[in-house]
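A.B. asks: Read top to bottom, the protein sequences are chains Y and L.
So for the first sequence, the working numbering puts the first residue at 1; every next one is plus one.
So for the second sequence, the working numbering puts the first residue at 1; every next one is plus one.
All residues carry an ideal CB built from backbone N, CA and C; glycine is no exception.
Note that the structure is a prediction, hence the values are computed from the model and not measured.
2 protein chains.
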Amino acid sequence: MRGQPQDFDRVLSSMCTEPHPVAREAAGEFLATNPGDPATYQTVSDLEDEVVAMLGEVAGVDDPAGYVASGGTEANIQAVRMARNRCVTHTPNVVVPESAHFSFKKAADVLGVELRVTPLRDDRRANVGAVERFCDEDTVLVVGVAGSTEYGRVDPIPELAAVASEYGALMHVDAAWGGFVLPFSGHEWSFADASLDTMTIDPHKMGQAAIPAGGLLARDPALFDALAVDTPYLESTSQATLTGTRSGAGVASAHAAMTELWPDGYREEYERQQANADWLADALADAGLDVVEPELPLVAASIDDVAFESLRDAGWRLSRTGNDELRVVCMPHVTREMLESFVADVETVTATVAADGG
Amino acid sequence: MRGQPQDFDRVLSSMCTEPHPVAREAAGEFLATNPGDPATYQTVSDLEDEVVAMLGEVAGVDDPAGYVASGGTEANIQAVRMARNRCVTHTPNVVVPESAHFSFKKAADVLGVELRVTPLRDDRRANVGAVERFCDEDTVLVVGVAGSTEYGRVDPIPELAAVASEYGALMHVDAAWGGFVLPFSGHEWSFADASLDTMTIDPHKMGQAAIPAGGLLARDPALFDALAVDTPYLESTSQATLTGTRSGAGVASAHAAMTELWPDGYREEYERQQANADWLADALADAGLDVVEPELPLVAASIDDVAFESLRDAGWRLSRTGNDELRVVCMPHVTREMLESFVADVETVTATVAADGG
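#1: Any C-beta of chain L within less than 7 Å: which residues of the region 11-29 of chain Y qualify?
#2: Rounded to whole angstroms, what's the CA-CA distance from L:R124 to L:S99? Just pull it up for me.
#3: From L:G36 to L:G71, what does the alpha carbon distance come to, in whole angstroms?
#4: Which one of L:N127, L:G147, L:G214 and L:V61 has the shortest CA to CA distance from L:E330?
#5: By the criterion of Cβ-Cβ separation under 9 Å, what are the contact partners of Y:L111 in chain L?
#6: Would you kindly check if the distance between the Cβ of Y:V128 and the Cβ of Y:V163 is under 8 Å?
#7: Quick one: which chain Y residues come within Cβ less than 7 Å of L:L31?
#8: In the DSSP assignment, find the beta strand (DSSP E) that holds Y:R327 and state where it starts and stops.
#9: Checking 8 Å against the spacing of the C-beta atoms, do L:E18 and L:H255 come in under that value?
#10: How long is the line joining the alpha carbons of Y:D9 and L:T40, rounded to whole angstroms?
#11: What does a CB cutoff of less than 8 Å around L:R312 pick up in its chain, not counting 5 residues either side in sequence?
#12: Find the residues of chain L that neighbour Y:A39, judging by a C-beta separation of less than 8 Å, and give them in chain order.
#13: From the beta carbon of L:G358, is the nearest beta carbon of chain Y less than 8 Å away?
#14: Give the DSSP-derived three-state secondary structure of L:E137 in the structure shown.
#15: How would you write the range of the beta strand (DSSP E) that L:L216 sits in, first residue to last?
#16: CA-CA distance, Y:L120 and Y:A107?
#17: What are the residues in the region 241-254 of chain Y lying within 9 Å of chain L by C-beta distance?
#18: Excluding the 5 residues preceding and the 5 following L:S45 in the sequence, name in chain order all residues of the same chain whose CB lies nearer than 6 Å to its CB.
#19: Which bits of chain L does Y:D324 rub up against, with CB to CB less than 8 Å?
#20: Please tell me whether L:R81 has its Cβ less than 8 Å away from any Cβ of chain Y.
#21: Among residues of its own chain, excluding the 5 on either side of Y:V349, which ones have a beta-carbon nearer than 7 Å to its beta-carbon?
#22: Mind reading off the beta-carbon distance from Y:Y151 to Y:L339? Whole number of angstroms is fine, and I expect it under 8 Å.
#23: Who are the near neighbours of Y:L261 in its chain, counting only those whose CB is closer than 7 Å to its CB and skipping five residues on each side?
#24: If you compare alpha carbons, which of Y:D282, Y:G250 and Y:E268 is closest to Y:F184?
#25: In angstroms, rounded to a whole number, what distance separates the CA positions of L:T241 and Y:A194?
#26: In its own chain, which residues sit with a C-beta less than 8 Å from the C-beta of Y:Q4, not counting the 5 before and 5 after it?
#27: Can you list the residues of chain L that Y:D230 reaches, using a CB-CB cut of under 7 Å?
#28: Taking the DSSP output, what are the residues bridged to L:Y41?
#29: Comparing the C-beta of L:E347 with each C-beta of chain Y, is any distance below 8 Å?
#30: Which residues does DSSP pair with Y:A301 in a beta bridge?
#31: Considering Y:M15, what are the terminal residues of the beta strand (DSSP E) in which it resides?
#32: Any C-beta of chain L within less than 7 Å: which residues of the region 196-208 of chain Y qualify?
#33: What is the rounded straight-line gap between the Cα of Y:D63 and the Cα of Y:F191?
#34: Going by beta carbon distance, what residues of the same chain come within less than 7 Å of Y:S84, once the five residues before and after it are set aside?
#35: Strictly under 8 Å for the Cβ-Cβ distance: is L:T335 near chain Y by that measure?
#36: With 8 Å as the threshold, decide whether the Cβ of Y:T73 is near any Cβ in chain L.
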């Protein structure tokens, strides 16, 4: 096979990571299965039911409805679709904070709904007052983010849910990335709160499952009926997905990872990566960068283009925020040694830029 | 891990199969990669470009635009979305034969288009005259199936394309299952024909790749611009997908399988399975069933409920058509020995039913 997969030793840009060894093994074992065809592939279909129950444990709710999606994008699109389908307005709108993932723009285009994007607070979290101003009688969904893509921020979820409720809209929490750390990060709400309707939570991000393993949960199974195409009531959520054939490897890997790691392994990983993020924030500040204080294990810091490109040339896989900051996601494959090496390179390239008068 | 994956030794119901060994190996190697993030995972992103080119070879066209989708359902939804987005009508409709896959119903619900389902000819292929009668100035897409789900029929594609052209609609060929056998089955058209616009062709079906590896091709790259959400022109088809994070394992497995098997391996497999299907059709007819003559390696035959359930109880994974026939898909894991064993069981259960006066 030509070319080699990406090594993870310099990957700081990805919200995905190396699957846990038990997850990798399970993925191989179940590679030739398809939970989209439960009559043929019964074992993996049963595993999926267990994964949904386990996702409920992680999210803090008993016995949710849900399924293992291709990823967070599908889960978010489906949440918008549920909300659109259950409402009678011909001009539905969805209100999201500016920090919401690109998948909501996709959802709006695909589903023919209006996307209303609200400005953030200075702390880069959703502005509840702005969200309320953007809502009206045609609002079918309000979205809050738990672990935003660019800054890892957690929105004021209960307050957003109150606004949704006031307008008769559903409340969706996009916890695609944050879902597996929220149980340990001290936030005071959970998906058990009656005001939350749907949640995206992806095993193939912080859950250490193999791609593809996203997750969509609903507190009320009846919400899935809004996705039924052929019949008024869904016999099985598998008909409701945006895909047909699905990856049993992803489902089995999620089952294996969560069985192994919930809750202690995930707790330990969160504490390790939060410590890494806090260390990195301090180290980058010491190196003279303007740092955005991390809330979850994600660090952003200002850097100029030349220095950024030099870091990429040195092999670091990094992303940039919309404000041209560098962005580092402290995923399970990230070690303190990697970050020390990274900071050393940052110090080198910023010194070089300064020396060049840049 | 609780439970075992489904063995393939009695699976006759699935349009998926065991991945080829080189595909399995490549899937493991590239498990921790995400072609939806080409800046981080560059190698697998390059592999995807090569897979699209290879799919073009299989389909008979040089240098198509396209990408490796989560599966045929996503590819079909996206073909409808392209057609909807490029047309100005507020009441778009899509005309499909009754044999079209369920994914077109999903597409219609998701995308807010009207689905017009046309009756088939007696030979279970699309009725071109009926399709023409259902078209009007709001028709944005006509669909023909190359390897239908229930009977493995190939529609009169060039004639359907002429109707599409007459109405200014795009022409989509759903070759999700049939795409990898059409080069050998003697059909006289190919995707190189200028009248065909988009095609679904899934490596994870007859292509022997691992799930998830579907395929969407377009002869004209400009059609993908209709899927651009943020910008007028797509820089990369990866933005256009219905997912975000994607499986590098699927992409790499498709690359490995196609490199290994195109064209001779696929030709040999087609010939073997067509022979199996023809043998099975004769054997079932000898056993007294009314058999639908196979066109491609898929056999349907009438059977009553009791006999069907007995076969399932014996461990055979079988599907039924909408007319309650049993349906057997001769995929690469199917052997003559399996079919002989199956026919023996059919003879047993039908004799039992006859003896019981059923």
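C.D. replies: Reading it off the structure:
#1: V11, S13, S14, C16, E18, P19, R24, A26, A27, G28 and E29
#2: Position 124 of the second sequence holds residue 124 of chain L. Position 99 of the second sequence holds residue 99 of chain L. If I take the Cα positions, the gap works out to 8 Å.
#3: Reading the second sequence from its first residue, position 36 is the one you call residue 36 of chain L. Reading the second sequence from its first residue, position 71 is the one you call residue 71 of chain L. If you take the alpha carbons of L:G36 and L:G71, they lie about 15 Å apart.
#4: As a position in the second sequence, residue 330 of chain L is number 330, starting the count at 1. For the sequence presented, residue 330 of chain L should be read as Cys rather than Glu. Looking at the Cα atoms, L:G147 is the closest of the given residues.
#5: For the purposes of this step, residue 111 of chain Y is taken as the residue at position 111 of the first sequence. Those within 9 Å of Y:L111 in chain L are V110, L111 and G112.
#6: To locate residue 163 of chain Y, count along the first sequence from 1; it is residue 163. To locate residue 128 of chain Y, count along the first sequence from 1; it is residue 128. Cβ distance < 8 Å, so Y:V163 and Y:V128 count as in contact.
#7: Position 31 of the second sequence, counted from the start, is the residue given in the question as residue 31 of chain L. Residues of chain Y passing the Cβ test: P19, R24, A27 and A210.
#8: On the first sequence, residue 327 of chain Y is found 327 positions in, with the first residue counted as 1. E325 to V329 is the extent of the beta strand (DSSP E) around Y:R327.
#9: For this step, residue 18 of chain L is matched to residue 18 along the second sequence. For this step, residue 255 of chain L is matched to residue 255 along the second sequence. Cβ atoms of L:E18 and L:H255: not closer than 8 Å.
#10: Residue numbering aside, residue 9 of chain Y sits at position 9 when the first sequence is read from its first letter. Residue numbering aside, residue 40 of chain L sits at position 40 when the second sequence is read from its first letter. Approximately 12 Å between the Cα atoms of the pair.
#11: Reading the second sequence from its first residue, position 312 is the one you call residue 312 of chain L. Answer for L:R312: L318, listed in chain order.
#12: As a first step, residue 39 of chain Y is located in the first sequence; it is residue number 39 there, counting from the start. Chain L residues near Y:A39: S13, R317 and S319.
#13: What you label residue 358 of chain L is simply residue 358 of the second sequence in a count that begins at 1. Reliability fails at L:G358, whose pLDDT of 48 lies under 50, so the model's placement of it is uncertain and the value that follows must be treated cautiously. No - not a single Cβ of chain Y is within 8 Å of the one on L:G358.
#14: Here residue 137 of chain L is taken as the residue at index 137 of the second sequence, counted from 1. Correct three-state label for L:E137: coil.
#15: Along the second sequence, read from residue 1 onward, the residue named residue 216 of chain L stands at position 216. G214 to A218 is the extent of the beta strand (DSSP E) around L:L216.
#16: As a position in the first sequence, residue 120 of chain Y is number 120, starting the count at 1. As a position in the first sequence, residue 107 of chain Y is number 107, starting the count at 1. Whole-angstrom Cα-Cα distance: 21 Å.
#17: T241, L242, T243, G244, T245, R246, S247, G248, A249, G250, A252 and S253
#18: Reading the second sequence from its first residue, position 45 is the one you call residue 45 of chain L. P35 and P38.
#19: As a working mapping, residue 324 of chain Y is identified with position 324 in the first sequence. Within chain L, no residue comes near Y:D324; the closest Cβ sits about 15 Å away, beyond 8 Å.
#20: On the second sequence, position 81 is the one that residue 81 of chain L refers to. True, the Cβ-Cβ gap to chain Y drops below 8 Å.
#21: In the first sequence, counting from the first residue as 1, residue 349 of chain Y sits at position 349. So the qualifying residues of the chain are A307, S310 and L311.
#22: Here residue 151 of chain Y refers to the residue found at position 151 of the first sequence. Here residue 339 of chain Y refers to the residue found at position 339 of the first sequence. That belief does not hold up - the Cβ atoms of Y:Y151 and Y:L339 are roughly 18 Å apart, past 8 Å.
#23: Along the first sequence, one-based indexing puts residue 261 of chain Y at 261. Answer for Y:L261: H20 and Q208, listed in chain order.
#24: Locating residue 184 of chain Y in the first sequence gives position 184, where the first residue counts as 1. Nearest C-alpha to Y:F184: Y:E268.
#25: Translated into the one-based positions of the second sequence, residue 241 of chain L becomes position 241. Translated into the one-based positions of the first sequence, residue 194 of chain Y becomes position 194. The alpha-carbon atoms of L:T241 and Y:A194 are separated by roughly 33 Å.
#26: For the purposes of this step, residue 4 of chain Y is taken as residue 4 along the first sequence, with counting starting at 1. Closer than 8 Å at Cβ, skipping near neighbours: no residue.
#27: Locating residue 230 of chain Y in the first sequence gives position 230, counting from the first residue. Within 7 Å Cβ-Cβ: K105.
#28: Looking up residue 41 of chain L in the second sequence gives position 41. L:Y41 pairs with nothing; no bridge assigned.
#29: The count along the second sequence starts at 1 and reaches residue 347 of chain L at position 347. Not one chain Y Cβ lies under 8 Å of L:E347.
#30: Start at 1 with the first residue of the first sequence, and residue 301 of chain Y comes out as number 301. Answer is Y:V291 and Y:L326.
#31: Here residue 15 of chain Y refers to the residue found at position 15 of the first sequence. That residue, Y:M15, is in no beta strand (DSSP E); it is neither H nor E in DSSP.
#32: H204
#33: Within the first sequence, residue 63 of chain Y is the residue found at index 63, counting from 1. Within the first sequence, residue 191 of chain Y is the residue found at index 191, counting from 1. C-alpha separation (whole angstroms): 12 Å.
#34: Here residue 84 of chain Y refers to the residue found at position 84 of the first sequence. Per the sequence presented here, residue 84 of chain Y reads as Arg, with Ser not at that position. Excluding residues within five positions, the ones whose Cβ falls inside 7 Å are P92, L111, V113 and V140.
#35: Sequence index remark: in the second sequence, residue 335 of chain L carries index 335 (1-based). Output row for L:T335: interface = no.
#36: Here residue 73 of chain Y corresponds to residue number 73 of the first sequence, with the count starting at 1. Judged by the 8 Å Cβ criterion, Y:T73 is in contact with chain L.
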